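J.: Structure incoming, see below.
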């Protein structure tokens, strides 16, 4: 089961995400559904926007474009490079 981000405030001009696995920390790959979920969020964050189900902590946010840095740390079973390529494909 995918863990929701604990806070989704856009307070800088970049977004940094560490993804540790879809269902098991460090060992599971990401399903198509999970990659679609992340891609939808990242596309909005890149524009400085939020989804309606976002959980920001503060009301203030930056609404300009954001750079995205996504790090896949689910490398115990070599899923990270494949998941990164699939997410990049969804974002292009």
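In our numbering, the protein residues as written are 3 to 94. Where is the CB? At the ideal position from N, CA and C, for every residue including glycine. The model shown is predicted, which means the values in this text are computed figures rather than measured ones.
1. Would you say residue 31 and residue 73 are within 8 Å of each other, going by their C-beta atoms?
2. In the DSSP assignment, find the unbroken beta strand (DSSP E) run with residue 32 in it and report its ends.
3. For residue 24, count neighbouring Cβ atoms within 10 angstroms of its own Cβ and tell me buried if that reaches 16, exposed if not.
4. Using beta-carbon positions only, say whether residue 58 and residue 52 come within less than 8 Å of one another.
5. Ignore the nearest five residues each way along the sequence and tell me which others in residue 79's own chain have a CB closer than 6 Å to its CB.
6. Rounding to the nearest angstrom, what Cα-Cα distance links residue 127 and residue 60 in this structure?
T.: Working from what's here:
1. For the purposes of this step, residue 31 is identified with residue 29 of the chain shown, where counting begins at 1. For the purposes of this step, residue 73 is identified with residue 71 of the chain shown, where counting begins at 1. It is not a contact, given that the beta carbons lie outside the stated cut-off.
2. To locate residue 32, count along the chain shown from 1; it is residue 30. Here residue 32 belongs to no beta strand (DSSP E), and DSSP marks it neither H nor E.
3. One-based indexing of the chain shown puts residue 24 at position 22. Classification for residue 24: buried.
4. Here residue 58 refers to the residue found at position 56 when the chain shown is read from its first residue. Here residue 52 refers to the residue found at position 50 when the chain shown is read from its first residue. Cβ atoms of residue 58 and residue 52: closer than 8 Å.
5. Looking up residue 79 in the chain shown gives position 77. Answer for residue 79: 29, listed in chain order.
6. Only positions 3 to 94 of the chain appear in the structure, and residue 127 is not among them; the question remains open.
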